[in-house]
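To start, the structure under review is shown below, and the notes come after it.
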Amino acid sequence: MFPYPHIVAVASVIIALVWAFLPAKKWDPRSKHCYVTGGSAGLGLSLAILLTKKGADVSIVARNEERLQKALEQLESVRQSPNQILRAYSFPLNDAESSAAALEAASKGNDGKCPDAVFLCAGASRPGFFVEEDEASLRRGMDNGYWVQAWSALIGLAFWRRGVDASILAHRSEHKDYLVQRGFFMPKSSEASEDK
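In this text, residue positions in the sequence shown follow our numbering: the first is 96, and each later residue adds one.
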């Protein structure tokens, strides 16, 4: 047993407090390529509008082409610069192949630039009590809420690993909590080391 557990606990609290009050540089999306899944409605559309207002190049992805076109019109109405690239792509994101095709299309549509930021807002949830769920509804919930985002996250990280500097990856869960991971876990290609 460690002889000084209280010292470790106090030190951990002090480090956490110091870290919390360090000045943080705000992330500026201006001129960055932001990829938003679920961008035709709800949280995804609201985020895409905010990013557009802040000067970002925005690629939105969703299944419904009609809603995507209406969403793109909303983005155009808040455009900050004629140089902003605003695009909409219709893809299902429920498997790795479709997610890769969507990200590839968004990169090509943005002068070959892989997204600097990926926001995973696609998916659906159905409120209810867990005890009332059955196998089919649990599988549907995982397919529509988890896998739709997991495939895009996995593919996005694979694109970044090819040598593009990652800026931010944000994930929306069904419970409206957010997981934001800064790109520190993805080294620039010049810093990457190969397993030997």
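Every residue, glycine too, gets a C-beta built ideally from N, C-alpha and C.
Only a predicted model underlies this, so the values are computations on that prediction, with no experimental measurement involved.
Listed as beta-bridge partners of residue 152 by DSSP are 128. The alpha-carbon of residue 225 is positioned some 21 Å away from that of residue 244. Shown here for residue 173: same chain residues with a beta carbon closer than 8 Å to its own, the five before and five after excluded, namely 144, 147 and 148 in chain order. In this structure, residue 189 sits away from residue 154, with a CB-CB distance that is not shorter than 8 Å. In this structure, the alpha-carbon of residue 254 lies about 19 Å from that of residue 217.
Going by DSSP, residue 182 is part of the beta strand (DSSP E) stretching over 181 to 185. If you check the CB distance, residue 193 and residue 186 come in under 8 Å. About 7 Å separates the beta carbon of residue 164 from that of residue 183, a gap short enough to meet the 8 Å contact definition. Contact annotation: residue 214 and residue 142 have beta-carbon atoms nearer than 8 Å. A Cβ-Cβ separation of about 16 Å leaves residue 169 out of contact with residue 152 under the 8 Å criterion.
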